[in-house]
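Undergrad: In the numbering used here, the protein residues as written are 50 to 509.
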Ligand code: NAP
């Protein structure tokens with residue numbers, strides 16, 4: 050068994066870790082103590098004589114060496130800032146984030162010999178560094194435990210309880226199999242879900258899902274389950290088809306689902322029901338990624354990153370975004386972040402005007418495309434999807450040298466992309482967006498950074 054405790058210094062990782070290891074009769078390993086042992090000097094001495102960067106190198110080596118360890122590992126407070134450390138800590142492990150508010154931490158660490166991490170006064174340092182690390186902690190943890198007002202033995206008891214039976218009662222998990230969102234699951238996926246819910250091994254196995262209506266076309270379950278296997282994570286990914294976003298989120302909270310990929314038509318509708326929404330997602334007006342920790346739902350948008358990455362070498366170009374829905378908003382936001390001149394064109398021009406007004410760019414009707422003479426055209430409508438032979442724009446508007454990015458990814462080569470390559474345009478498939486946004490989303494679900502190559506490999 051491998052159990053990892055993460056969190057800010059003073060959260061109780063060492064004291065709880067020792068108690069937990071004793072209660073479970075497994076070794077306790079403190080990465081800070083291990084660094085000191087291997088370096089032959091104290092952490093204050095390493096910081097003073099060799100600097101923080103050297104400490105981080107030693108810490109990385111210790112954590113890599115512990116990848117297959119059995120025991121309770123209390124990780125140094127800053128260890129999760131390195132996604133490589135997170136991959137090693139998470140392998141075959143259950144990761145618990147111990148939380149405490151800044152005042153509690155300040156009270157607990159006053160008088161300790163730990164070296165400062167900034168030039169700030171101690172109290173300000175705790176608040177600043179905690180805020181800087183907040184999302185990394187959230188992404189890297191399986192379970193979040195509030196330690197304020199709890200004794201170390203109380204926290205130890207909570208962790209043991211979760212290790213024994215997860216966070217949701219067995220009867221409730223069995224009942225959940227009848228949830229209407231699972232009704233149309235393919236047979237093989239239904240069987241895998243039955244195991245993950247009713248008979249998970251280990252008991253801490255967490256569920257993730259793509260949520261929307263419809264979701265039968267989604268390639269996310271196959272992709273994520275392969276990635277979870279690759280990194281040896283105790284997660285299972287399924288699909289939830291439900292027209293009611295509130296019902297899905299209620300279910301997600303009751304069942305303590307870890308991560309949700311949000312798709313049509315729920316990207317905007319889920320937003321008012323979340324505890325926190327990232328600034329990017331608020332500006333775009335859509336959430337496509339939700340992560341849950343300690344009963345709180347946090348919303349993000351990775352779609353815009355999936356559009357920005359393939360276009361990153363076209364900074365400053367003139368672009369026409371076709372459509373005015375959620376994907377168009379993410380596309381316009383991505384292009385504006387690259388300093389592009391953005392025109393949003395839609396069959397309902399009022400909607401384009403409204404979106405452009407909100408984001409601060411130009412708008413028009415589909416007929417205005419030729420007059421704009423864009424260097425890049427992005428299709429953000431569903432036209433051309435799955436057997437639809439139509440094109441969102443006229444073939445005569447495709448000029449040689451233009452770059453055409455179709456966000457539709459089923460099929461990978463849409464009628465628009467086919468016509469564009471025939472006219473000498475550069476083309477980018479919607480699969481590129483899917484791959485890039487999935488890599489980013491995996492980082493939010495797990496704290497582990499992956500590149501697009503790994504996503505492509507597991508999509509095949
Ligand atoms: P949405 O919010 O429903 O918006 C669709 C937009 O397309 C609307 O502006 C709509 O115009 C326009 N539209 C619909 N049918 C049209 C037609 N026949 N002719 C012209 N315009 C039409 O959908 P969304 O969330 O933005 O998604 C749009 C597409 O992006 C999806 O179908 C999907 O293929 C793609 N997408 C891809 C990825 C990826 O990872 N590659 C991710 C997300 C989305 P009105 O305003 O006039 O109704």
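Beta carbons are placed, not taken as given, at the ideal position from N, Cα and C, and that holds for glycine. Keep in mind that this is a model prediction, so the values were computed, not measured.
Which stretch, first to last residue, makes up the alpha helix (DSSP H) that contains residue 153?
TA: As a working note, residue 153 is residue 104 in the chain shown. From DSSP, the alpha helix (DSSP H) with residue 153 extends over 151 to 158.
Undergrad: Throw me the rounded Cβ distance for the residue 418 and residue 394 pair, which I believe falls under 8 angstroms.
TA: By one-based count along the chain shown, residue 418 stands at place 369. By one-based count along the chain shown, residue 394 stands at place 345. Residue 418 to residue 394, Cβ: 6 angstroms. Contact.
Undergrad: Tell me the rounded alpha-carbon separation between residue 162 and residue 93.
TA: To locate residue 162, count along the chain shown from 1; it is residue 113. To locate residue 93, count along the chain shown from 1; it is residue 44. Each residue's Cα considered, the two are about 7 angstroms apart.
Undergrad: Short of 6 angstroms in beta carbon distance, which residues of its chain neighbour residue 446, apart from the five on each side in sequence? Order them along the chain.
TA: Locating residue 446 in the chain shown gives position 397, where the first residue counts as 1. Within the same chain, residue 446 has close Cβ partners 418 and 419.
Undergrad: Using the Cα positions of residue 61 and residue 81, report the straight-line distance between them to the nearest angstrom.
TA: As a position in the chain shown, residue 61 is number 12, starting the count at 1. As a position in the chain shown, residue 81 is number 32, starting the count at 1. Going by the C-alpha atoms only, they are around 14 angstroms apart.
Undergrad: If you drop the 5 nearest sequence neighbours on each side, which residues of the same chain put their C-beta closer than 7 angstroms to that of residue 68?
TA: One-based indexing of the chain shown puts residue 68 at position 19. These residues qualify, in order along the chain: 201, 202 and 205.
Undergrad: For residue 442, I'd like the list of residues in its chain whose CB is within less than 8 angstroms of its CB, leaving aside the five on either flank, ordered along the chain.
TA: As a first step, residue 442 must be located in the chain shown, where it is residue number 393. Around residue 442: 371, 415, 418, 426, 428 and 465.
Undergrad: Output the distance between the C-alpha atoms of residue 390 and residue 467, rounded to the nearest integer angstrom.
TA: For this step, residue 390 is matched to residue 341 along the chain shown. For this step, residue 467 is matched to residue 418 along the chain shown. C-alpha separation (whole angstroms): 26 angstroms.
Undergrad: Closest to residue 378 by C-alpha separation, out of 408, 89 and 298, would be which residue?
TA: Mapped onto the chain shown, residue 378 falls at position 329. Closest option to residue 378, Cα to Cα, is 408.
Undergrad: Under 7 angstroms from any heavy atom of ligand 2, does the C-beta of residue 250 make it?
TA: Looking for ligand 2 in the displayed structure turns up nothing; the ligands present are ligand 1.
Undergrad: Listed in chain order, which residues are found with a beta carbon closer than 6 angstroms to a heavy atom of ligand 1?
TA: Result (chain order): 313, 352, 355, 372, 373, 374, 375, 376, 377, 395, 396, 397, 400, 429, 430, 431, 432, 434, 441, 456, 457, 458, 479, 482, 483 and 486.
Undergrad: Which two residues bound the contiguous beta strand (DSSP E) that contains residue 453?
TA: Along the chain shown, one-based indexing puts residue 453 at 404. Here the beta strand (DSSP E) through residue 453 covers 452 to 455.
Undergrad: In chain order, what residues of the same chain have a beta carbon less than 8 angstroms from the beta carbon of residue 104, not counting five sequence neighbours either side?
TA: Position 55 of the chain shown, counted from the start, is the residue given in the question as residue 104. So the qualifying residues of the chain are 84, 92, 95 and 96.
Undergrad: Using a 10 Å radius around the Cβ and a threshold of 16 neighbouring Cβ atoms, would you call residue 481 buried or exposed?
TA: Taking the first residue of the chain shown as position 1, residue 481 is located at position 432. Buried, because 16 or more other Cβ atoms sit within 10 Å of the Cβ of residue 481.
Undergrad: My understanding is that residue 314 touches residue 266, with C-beta atoms under 8 angstroms, so please give their C-beta distance in whole angstroms.
TA: Along the chain shown, read from residue 1 onward, the residue named residue 314 stands at position 265. Along the chain shown, read from residue 1 onward, the residue named residue 266 stands at position 217. About 14 angstroms separates the two Cβ atoms, so there is no contact after all.
Undergrad: How about residue 260 and residue 309: do their beta carbons lie closer than 8 angstroms?
TA: The sequence position of residue 260 within the chain shown is 211, counting from 1. The sequence position of residue 309 within the chain shown is 260, counting from 1. It is a contact, given that the beta carbons lie within the stated cut-off.
Undergrad: Taking 6 angstroms as the limit between beta carbons, can you name the residues of its chain near residue 454, skipping five residues before and five after?
TA: Mapped onto the chain shown, residue 454 falls at position 405. The residues are 427 and 477.
Undergrad: Per DSSP, which one or two residues make a beta bridge with residue 162?
TA: Locating residue 162 in the chain shown gives position 113, where the first residue counts as 1. Answer is none; residue 162 lacks a bridge partner.
Undergrad: Take residue 50 as the anchor and find which of 256, 74, 65 and 58 has the nearest alpha-carbon.
TA: Counting from one through the chain shown, the residue named residue 50 turns up at place 1. Comparing Cα-Cα distances from residue 50 to each of 256, 74, 65 and 58, the minimum goes to 74.
Undergrad: Where does residue 410 fall in DSSP's three states?
TA: The count along the chain shown starts at 1 and reaches residue 410 at position 361. In the structure shown, residue 410 sits in coil (DSSP, three-state: anything other than H, G, I, E or B).
Undergrad: Using the C-alpha atoms, what's the distance from residue 180 back to residue 231?
TA: Reading the chain shown from its first residue, position 182 is the one you call residue 231. Reading the chain shown from its first residue, position 131 is the one you call residue 180. So the two alpha carbons sit approximately 38 angstroms from each other.
Undergrad: What does the alpha-carbon distance come out to for the pair residue 214 and residue 488?
TA: Here residue 214 refers to the residue found at position 165 when the chain shown is read from its first residue. Here residue 488 refers to the residue found at position 439 when the chain shown is read from its first residue. Computed Cα separation, rounded: 31 angstroms.
Undergrad: Please go through the region 329 to 385 and give each complete beta strand (DSSP E) segment of 3 or more residues, from N-terminal end onward.
TA: Listed in chain order, they are 338 to 342, 345 to 349 and 367 to 371.
Undergrad: Let me check one thing: in DSSP terms, what residues is residue 195 bridge-paired to?
TA: Position 146 of the chain shown, counting from 1, holds the residue named residue 195. Per DSSP, 148.
Undergrad: With a CB to CB cut of under 6 angstroms and the five nearest residues on each side skipped, what residues in its chain are close to residue 368?
TA: On the chain shown, residue 368 is found 319 positions in, with the first residue counted as 1. The answer, listed in chain order, is 384, 389, 391, 423 and 425.
Undergrad: Between the region 280 to 292 and the region 241 to 254, are three or more C-beta pairs nearer than 8 angstroms?
TA: Contact holds: three or more Cβ-Cβ distances are below 8 angstroms.
Undergrad: Name the one or two DSSP bridge partners that residue 181 has.
TA: Counted from its first residue, the chain shown places residue 181 at position 132. BP columns for residue 181 are empty, so no partner.
Undergrad: Determine, using beta-carbon pairs with one atom in the region 141 to 149 and one in the region 179 to 199, whether at least three such pairs fall under 8 angstroms.
TA: Contact between the region 141 to 149 and the region 179 to 199 is present, because at least three Cβ pairs lie under 8 angstroms.
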